[in-house]
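A short write-up of the structure that comes next.
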Amino acid sequence: IDEDGDLEIVVGAGRATQSFFVCAKTLARYSLVFKRMLFGGFKESKSSEDDGADWAVELPDDGAKPFQILLDIIHGWFDQVSMLLTLKDPTALLVLTDNYTVTFLTCPWA
């Protein structure tokens with residue numbers, strides 16, 4: 004998603020696991036949930052002591068495809084959204100956007 008990303012997000016569980024490299028500050032800029040999770044002292048946060056270390060967050064309860072669509076929207080890859088989004092996906096995507104308080108980002112597709 005972001006070739007210069009500083010954060011690996013591992014989504015899903017078991018065989019459905021998928022990794023995405025993203026910009027943590029971009030996620031935090033759009034989502035208060037991500038801001039608190041990544042920069043608010045939660046276990047997923049990266050402390051100053053971890054500088055230089057790999058940063059990874061696991062989100063096993065989220066589905067890979069809707070999460071990829073969400074990340075494409077947040078990172079401005081809108082052309083990817085139309086290629087990935089099918090008639091089955093909007094419900095899963097909207098649940099995900101609600102969980103991360105970014106439903107407003109889906110307005111162009113409403």
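Note that the working numbering has the sequence shown beginning at 4, numbered continuously upward. Beta carbons: idealized from backbone N, C-alpha and C, even for Gly.
Here the alpha carbon of Cys26 sits roughly 12 Å from the alpha carbon of Ala59. Nearest Cα to Asp7 within the set Leu97, Pro69 and His78: His78. By the Cβ neighbour-count rule, Val14 is buried, with 16 or more other Cβ atoms within 10 Å of its own. Secondary structure of Ile77 (DSSP, three-state): helix. Counted as a single uninterrupted DSSP element, the beta strand (DSSP E) harbouring Ala59 occupies residues Ala59 to Leu62.
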